[in-house]
Structure formats: C-alpha cells, structure tokens
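Engineer:
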Amino acid sequence: MKEKFYITTPIYYPSGKWHLGTCYTTVVCDAIARFKRMCGMDVFYLTGTDEHGQKIEKVAKESGIDTKLFVDKQVDTLVKLWQRLGISYDKFIRTTDKEHKKAVQKIFDKLYQKGDIYKSQYEGWYCTPCESFWTKTQTVDGKCPDCGREVELTKESCYFFRLSKYQDRLIDLIQNNPEFLQPKSRQNEMLNNFLRPGLQDLAVSRTSFKWGINVPFDNDHIIYVWIDALTNYITALGYMSDDDSLFKKFWPADLHMMGKEIVRFHSIIWPAILMALDIPLPKKVYGHGWMLLGSDKISKSKGNIIDPVILSDRYSVDAVRYYLLREIPFGSDGIYTNNAFLSRLNADLCNSLGNLLSRSCAMVNQYFGGLLPKGEANTEFDNDLLEKVNSLFEKVQKNVDELLIPEALQEIFNVVNRANKYIDETQPWLLQKDPSRKDELATVLYNLIDTLRVVGIVLLPFLPNTAKRILADISVDAPKEFGDNVKAGQCVVGSKITKGELLFARVNVNKELEAMDKLAKEIEKEKTADKVEKEKKVENAKAEITIDDFDKLELKVGKIIAAKKVEKSKKLLHFTVDTGDRERSIVSGVAKTYKPEEMLSKQVVVVTNLKPVTLGGVLSEGMILFADDGDGVVTIEPSKEIKPGSTVS
Ligand code: ME8
C-alpha cells in the first residue's frame, strides 16, 4: 500500500486583493505535494477559505455587497489564481460549506458535553483584524500585540474552551517532540511567550455579530472564527460526517504549513482542541517567514509589482513560482524587489537553464541531424558530471524532506551549472572539427541531453510547465513518478531532439524596471480612482431608514392605460394609470428615453400615497418607479401580468 501524506495550507481570508506574499504558502505546499506524489505517496493536499467572522462581515459591508455574495466573488478570484499558478490541491474547503458547518457544530457540542467548553462572563480586549482576544496585560501600549492595531474592550457572556487544562501537555509536546514544531526558533517563541507564562481559557463564542456558525445549543452565540477555521483540517476529511473514510485514511496531518504569525493558533490552540477531542496530533507544524515588501508584511507596492497575475502574465507562471520557491531562505523573512525578481529570472532561468537547453539541442541538430547520438562516459569531465547527475535526486529529496526548498532548487541548478561548465570544458565545437573525435562529441551531447532529462524530471514538482517543455524538446514523456528515470544513461539513442522556443526570454533589467515602475504607478492611480469612486458612492448613499419609515410608503402595481407628451416640455410624459382603486393622472420625466406608445399597456410600480403636485401644468397623483444605472432609465415591471392595485412590499 502507498504511504499517505496529508499536507495543508491555512485557509485564506477572502477579504482582500491577493498579492505575491499570499501565494507563498500555497506554492511551497504545491511543490512539496507534487514531489511526494512523484515519490509514490498517496497525497492529500488541502487548501481553502476562512469565510466567517467580523472582519469579513465588515469588509463585505464596506463594499456594499451581501456577505455571502461578497465571499463567493472573492473565492472565485482566489480559485482562478490557484489555477493560474498550477496549484494541485486535492480539495478546496470553504468554511461556508454545509458539511463543514454541521461538523463544526458537532465538534463544539462534543467539547461542551465533555466539559471542555463551559459558559461564563468575558471581559477582554478584542482585535477585529486578527479576530483575537487579549487580556489587558497582553496588549502592548493598549494595542494588539500581533498587529499593533486598535483593540476594543469587549464584555459579554460567552463560552470558553479549557485551554489552561492542556498547558502541561502542550509544554511537553513542544519541548520533548522537537519535530512537532519547526523551525526550531518557533519552539522557543511559543514556550517563552505563551506557554510558560501560563495559558488562560479561551473565549470561543461571540454575540456581537451574526456572520458565522451558531453554537448548536445556544443560537445567540456564534462560534469563534478560529475554532471554525482550525477544524477545517479534519472536517475536510469528513470527520463527524456520514463518510469519514478520508479522515481514517489521512489523519493525522503530516504537515500543516503556515506563516509565522499564525503559529500560535496551530501549535497551541489546535493541538489542545485535538487533545480534547481525543484524536492524534499532526506530525508537523511549520511556520515559514514572510515575504516583505519594504519593511512590512504587506506594505504599499512602492514601484514593486506584487500582483501575481500581472507578474505571471508578463514573465510566466514558472518565473513567479521559481522566485517564491528559491529566493526566500525557508523559515526566514525575505524582501521582494522587482530587481531581485528580474535578476533571478535572467541569471537562473534564462542564462543557466534556458541556455543549457538551447545550446545542447542546437548542437544535436547541427552535428547529428537532430537525433540523439550514442555516448559513453570516458573522461574525467564525463564522470564528474555523471556522478553529479546520479546523486541529484537523493540530495533534492533530502532537502524536500527537511523542508529546505530553496536548497532543493539550488541542488538542481548546481547540476545545470555543472553541465554548462561541461560544455566549456569539452568544447564540442572544436570536437566536431576533428572527425576522429566524433565519438567523444557524441558522448558529450548524449550526456548533456541526459542531464537535461534528469533535471527536467526532478524539476517537475517545482516548475511543472518548464520541466514539461524541456522534456518535450528531448522527446521524453513526463513521468508520473520518480524511479530509475532519475539516474543517468536512460536517454534513448536516436530520439528526436528539437530546438524548441526559448524557455525564458532574457530581459533588459533596466528597461524592465522602468516599465514595472510605470505599471505600478498606473495600478496605484487606478486604485486611487477606485477609492474615490467608492467614497463617492458611500457619500451619495442615503441614510438608513427603519422598517417603520419604509412602511409609510404605499406601493402598488399599476397599468398604463393612456400616455402622451406634456405640451411645452421635452422631458415629461403624462400617463393615465389604473391602480386598482381608480385611474390616476401621473407625470414622469422619461420623455427622452420612452415614446408615449412604448409605455402604453405596461405594468409598472407606483408610489400611490405621494402628495399630489402639478408638473408642467399637469396634475400628478403618484410616482412611477424607474431604475437608473447612469446610462438611462428603465421601467420596473412585475415578472408576470398581475391585477392592477396589487400591493408591492
Ligand atoms: O491567516 N508572506 O489567512 P490569511 C508570506 N485565515 N506569507 C504570507 C504573506 C506574506 N507577505 N501574506 C500572507 C489566515 N501570507 C487565516 C488562517 S487557518 C486555520 C486560518 C500567508 O489569508 C499567511 O502567513 O491571512 C498564511 O499562511 C496564508 O498566507 C493565509 O493568510
């Protein structure tokens, strides 16, 4: 039976625009998941969205859209982004999924029945952006210790999770099981900042807003969003559902990957919940560093293009994946700059890898008519290259197992660079001038193409598109799994070698930097224009009214039985409308859009209790409703013929 591997990213807040930093966890996990699949493991890769809570509700409200519609739209954009970046997840969970909601309620109930959740009074400081409660002493200068933003004093009756009960077990877990939380620096952080000073029970319900999952036995309470979110890792596998076969197969998780700011939730609160539920703990929690843009996690772009879609459209998806996987020392923070991005693209992808492929394929075409010649290693250079090719896979595998992702790529590029050096050492262009050295030339080219084959195969999990293009150029099918195919000497003699298109076009860094700067400014300008537009909309919005205010209106369906122009007016039409009770004379300013005959016999919505006025010298006893999108007005009509006088509410 295949060994299983369950890997997760955090579930994403569908609240903002996705920038390069947000793609970091997903791309890294994708490379790991693809690598493990190719190692023959049965992989389950989970990602998704964390859609509940006050923060999302607030952002949705600000954008003036119904919360569910808002998150649907955001999720759609996120899924498209993951597709664009080639993220090979096995499941995308949404916390608004019916099955998830049901399972969360069952989990909450189980913890309550066990006595690990109890009801009491809460008084504390709440940070809405982080969805976190803090005690007065935990706040820093009266602000959230995580993000430095304002906190609000909150007082309410709520449910608590007995986190304190698990303190000793959690200390033991982190101290005595060093594999559980990585990198090591995070262990000290958790022990010194949270566990040793003492854990307090955790408030796990709220009553101040509604956008979330109800406590199943107390409808006024919404389950704390982090309880809802963390449990996704088991509800996605069907825990507490009618079909928990995936849970039985894949739990415990082999790797929970996340950014360092949410390690506390994953290495303290999450294991405590699992302990309370009596289910095994994840094998590893890994808190990677941040991609910094300037000195902030997500600062303004300042000329840096941080939109993954723009970057991948302009420079290819694999250029973006490569940058994310290669540039930041895994576990630490790294600063994004356009310059570093372009330099990586030019130096590694274009010069090293792209050149190796194009030079090697060109020489096979030039010297051997595009058919791979037979070669045998016989020089010092050949043997050194072969040794490096043969040991590549083990080195990469060891690095991936230890989550040293940039190092894994470094190993691959060491071989690429070694092969480029091999060309300089063997000088095939000189060999081809001497007919007696034809076998040597054949060996050199065979070895180069064979190196490209192994590099292409090992590169598949990291840069799938590029790797497939390399393999296609040398007539090798991309394999599903690693095997003998990562050892040298497997290339089939006589294979067709094509000099395909350049893998990556070399960019003129200075020109590109200028272009990127211009683009960033345009994006900034558009954003400002959008903001102004939004603010205008908010300004123009009318004040809220109560249902009693609305109730003062009398709205009825009317049928237009006569229509004509109002003399001496270009704007006004005069209608006779049957509103059930009687025929009314009504004047509307729609003459620029409708001819009188177009309005005849239409059913419309009429405000019938409006005080009569005289318009253009004609009595108007009510108002017909029209919709206006700024480009002209249209009537609002019932979806089927209905009796005049029918009420509208
Ligand atoms: O935290 N650099 O969601 P999220 C590196 N919903 N990683 C970054 C980053 C950056 N600049 N910006 C974001 C949440 N990320 C919760 C998780 S899990 C039960 C609930 C990473 O959308 C971040 O560290 O704020 C995290 O791993 C992921 O993007 C989602 O962040």
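Take the numbering used here: the last position of the sequence shown gets the number 768, and nothing is skipped along the way. Just so it is clear, CB atoms sit at the ideal spot from N, CA and C, and this is done for glycine as well. All of these numbers come straight from a predicted model, not from anything done at the bench.
Would you check if the stretch 447 to 454 and the stretch 581 to 589 touch, i.e. whether three or more CB-CB distances between them fall below 8 Å?
Structural biologist: No: fewer than three Cβ pairs fall under 8 Å.
Engineer: I need the straight-line Cα distance from Leu292 to Phe299, nearest angstrom please.
Structural biologist: Walking along the sequence shown from the start, residue 292 turns up at place 173. Walking along the sequence shown from the start, residue 299 turns up at place 180. Distance between the alpha carbons of Leu292 and Phe299 is about 8 Å.
Engineer: Determine the DSSP secondary structure at Glu686, reduced to helix, strand or coil.
Structural biologist: Within the sequence shown, residue 686 is the residue found at index 567, counting from 1. Looking at Glu686 - three-state DSSP - the assignment turns out to be coil, as it is neither helix nor strand.
Engineer: Considering Cα atoms alone, identify which of Asn470, Ile290, Ser276, Thr256 is closest to Arg315.
Structural biologist: Numbered from 1 along the sequence shown, position 196 holds the residue referred to as residue 315. Checking every option, the nearest Cα to that of Arg315 belongs to Ile290.
Engineer: Thinking C-alpha only, which one of Asp558, Leu571, Asp503 is nearest Ile531?
Structural biologist: Position 412 of the sequence shown holds residue 531. The residue with the shortest Cα to Cα distance from Ile531 is Leu571.
Engineer: CB of Thr129 to nearest heavy atom of ligand 1: below 8 Å?
Structural biologist: Residue numbering aside, residue 129 sits at position 10 when the sequence shown is read from its first letter. The identity of residue 129 in the sequence shown is Pro, whereas the question assumes Thr. Pro129 Cβ: within cutoff of ligand 1.
Engineer: Take Gln118 as the anchor and find which of Cys148, Lys552, Ser431, Asp432 has the nearest alpha-carbon.
Structural biologist: In the structure as shown, the chain begins at 120 and stops at 768. Residue 118 is therefore absent and cannot be evaluated.
Engineer: Taking the alpha carbon of Ala746 as the reference point, which residue from Phe163, Gly708, Arg701, Met157 has its own alpha carbon closest?
Structural biologist: In the sequence shown, residue 746 corresponds to position 627, counting from 1. Comparing Cα-Cα distances from Ala746 to each of Phe163, Gly708, Arg701, Met157, the minimum goes to Gly708.
Engineer: Measuring CA to CA, which of Asn465, Thr215, Ile593, Ile447 is closest to Ala438?
Structural biologist: As a working mapping, residue 438 is identified with position 319 in the sequence shown. Of the candidates Asn465, Thr215, Ile593, Ile447, the one whose C-alpha sits nearest the C-alpha of Ala438 is Asn465.
Engineer: Is DSSP giving Arg701 helix, strand or coil here?
Structural biologist: Locating residue 701 in the sequence shown gives position 582, counting from the first residue. Three-state DSSP puts Arg701 in coil, outside helix and strand.
Engineer: What ranges does the alpha helix (DSSP H) occupy inside the stretch 238 to 312, keeping only unbroken runs of at least 4 residues that lie completely in it?
Structural biologist: Taking only runs of at least 4 residues, the alpha helix (DSSP H) segments lying wholly in the stretch 238 to 312 are 286 to 295, 303 to 309.
Engineer: Identify which residue in Glu717, Asp700, Lys655 has its Cα closest to the Cα of Lys684.
Structural biologist: Here residue 684 refers to the residue found at position 565 of the sequence shown. If we check each option's Cα against that of Lys684, Glu717 comes out closest.
Engineer: Flag this pair as yes or no: are the beta carbons of Phe669 and Ala682 separated by less than 9 Å?
Structural biologist: Here residue 669 refers to the residue found at position 550 of the sequence shown. Here residue 682 refers to the residue found at position 563 of the sequence shown. No; because the gap between Cβ atoms is not below 9 Å, this pair is not in contact.
Engineer: In whole angstroms, give me the CA-to-CA distance for Glu756 and Lys210.
Structural biologist: Counting from one through the sequence shown, the residue named residue 756 turns up at place 637. Counting from one through the sequence shown, the residue named residue 210 turns up at place 91. Distance between the alpha carbons of Glu756 and Lys210: 43 Å.
Engineer: Give me the Cβ distance between Val723 and Leu692, rounded to the nearest whole Å; I'm assuming they're in contact under 8 Å.
Structural biologist: Here residue 723 is taken as the residue at index 604 of the sequence shown, counted from 1. Here residue 692 is taken as the residue at index 573 of the sequence shown, counted from 1. 12 Å between Cβ atoms; not a contact.
Engineer: Sorted by chain position, which residues of the same chain lie with C-beta nearer than 7 Å to Thr545's C-beta, five sequence neighbours on each side aside?
Structural biologist: Position 426 of the sequence shown, counted from the first residue, corresponds to residue 545. Same-chain partners within the cutoff: Phe500, Val563.
Engineer: May I ask which residues mark the beginning and end of the alpha helix (DSSP H) holding His219?
Structural biologist: To locate residue 219, count along the sequence shown from 1; it is residue 100. Its alpha helix (DSSP H) spans residues 217 to 233.
Engineer: Look at the alpha carbon of Ser431 and the alpha carbon of Leu734, and state the distance between them as a whole number of angstroms.
Structural biologist: Counting from one through the sequence shown, the residue named residue 431 turns up at place 312. Counting from one through the sequence shown, the residue named residue 734 turns up at place 615. In a straight line, the C-alpha of Ser431 is about 59 Å away from that of Leu734.
Engineer: Look at the alpha carbon of Lys540 and the alpha carbon of Leu411, and state the distance between them as a whole number of angstroms.
Structural biologist: Here residue 540 refers to the residue found at position 421 when the sequence shown is read from its first residue. Here residue 411 refers to the residue found at position 292 when the sequence shown is read from its first residue. One C-alpha to the other measures close to 35 Å.
Engineer: Below 7 Å CB to CB, which residues in the same chain sit around His385 once its five sequence neighbours on both sides are set aside?
Structural biologist: Sequence index remark: in the sequence shown, residue 385 carries index 266 (1-based). Contacts found: His375, Met377, Val404.
Engineer: For Gly114 versus Thr727, is the C-beta distance shorter than 9 Å?
Structural biologist: For residue 114 there is no data in the structure shown, the boundaries of the chain being 120 and 768.
Engineer: For Val428, I'd like the list of residues in its chain whose CB is within less than 7 Å of its CB, leaving aside the five on either flank, ordered along the chain.
Structural biologist: As a working mapping, residue 428 is identified with position 309 in the sequence shown. Only Leu200, Arg203 meet the Cβ criterion.
Engineer: Confirm the yes/no value for this check: CB of Gly378, any heavy atom of ligand 1, distance under 8 Å.
Structural biologist: Working through the sequence shown from its first residue, we reach residue 378 at position 259. Yes, Cβ of Gly378 sits closer than 8 Å to a heavy atom of ligand 1.
Engineer: Counting only the same chain and skipping the five closest in sequence on each side, list residues whose C-beta sits under 6 Å from that of Val162.
Structural biologist: Translated into the one-based positions of the sequence shown, residue 162 becomes position 43. Excluding positions up to five away in sequence, the list reads Phe124, Ala152, Lys155, Arg156.
Engineer: Could you tell me the alpha carbon to alpha carbon distance between Gln609 and Leu622, rounded to whole angstroms?
Structural biologist: Here residue 609 corresponds to residue number 490 of the sequence shown, with the count starting at 1. Here residue 622 corresponds to residue number 503 of the sequence shown, with the count starting at 1. Those two C-alpha atoms are separated by around 23 Å.
Engineer: Please go through the same chain and pick out, in chain order, the residues whose beta-carbon is closer than 7 Å to the beta-carbon of Lys419, but skip the five residues on each side of it.
Structural biologist: One-based indexing of the sequence shown puts residue 419 at position 300. With a pLDDT of only 43 at Lys419, under 50, the local geometry of the prediction cannot be trusted, and the value read off the model is given with reservation. Here the set comprises nothing.
Engineer: I need the DSSP call for Arg537, collapsed to helix, strand or coil.
Structural biologist: To locate residue 537, count along the sequence shown from 1; it is residue 418. If DSSP states are grouped into helix, strand and coil, Arg537 belongs with the helices.
Engineer: Would the stretch 385 to 401 count as touching the stretch 261 to 276 if we require 3 or more Cβ pairs under 8 Å?
Structural biologist: Contact between the stretch 385 to 401 and the stretch 261 to 276 is absent, because fewer than three Cβ pairs lie under 8 Å.
Engineer: Hey, is Trp345 close to ligand 1, as in C-beta under 8 Å from one of its heavy atoms?
Structural biologist: Working through the sequence shown from its first residue, we reach residue 345 at position 226. Yes; taking the cut-off as 8 Å, the Cβ of Trp345 has a heavy atom of ligand 1 nearer than that.
Engineer: So, at 7 Å on beta carbons, what are the nonlocal neighbours of Gly331 in its own chain, with the 5 sequence-adjacent residues on each side left out?
Structural biologist: Counting from 1 along the sequence shown, the entry for residue 331 is found at position 212. Contacts found: His171, Gly172, Ile341, Ile342, Val344, Asp347.
Engineer: Does the distance from the CB of Phe189 to the CB of Pro133 come in under 9 Å?
Structural biologist: Translated into positions along the sequence shown, residue 189 becomes position 70. Translated into positions along the sequence shown, residue 133 becomes position 14. In contact: Phe189 and Pro133 (Cβ atoms closer than 9 Å).
Engineer: For Thr665, which three-state DSSP category applies?
Structural biologist: Here residue 665 refers to the residue found at position 546 when the sequence shown is read from its first residue. The answer is coil: DSSP assigns Thr665 none of H, G, I, E or B.
Engineer: Report the start-end ranges of each beta strand (DSSP E) in the stretch 335 to 370 that is 3 residues or longer and not cut off at the edges.
Structural biologist: Correct list: 337 to 342.
Engineer: Using 8 Å for Cβ pairs, my map puts Leu567 next to Ser477. What's the rounded Cβ distance?
Structural biologist: Translated into the one-based positions of the sequence shown, residue 567 becomes position 448. Translated into the one-based positions of the sequence shown, residue 477 becomes position 358. No, Leu567 and Ser477 are not in contact; Cβ-Cβ is about 11 Å, not under 8 Å.
Engineer: Spatial neighbours of Glu521 within its chain, please: C-beta separation below 6 Å, excluding the five flanking residues on both sides.
Structural biologist: Residue numbering aside, residue 521 sits at position 402 when the sequence shown is read from its first letter. Answer for Glu521: no residue qualifies.
Engineer: Looking only at DSSP bridge pairs, what is Arg325 linked to?
Structural biologist: Position 206 of the sequence shown, counting from 1, holds the residue named residue 325. Bridge partners of Arg325: Ile341.
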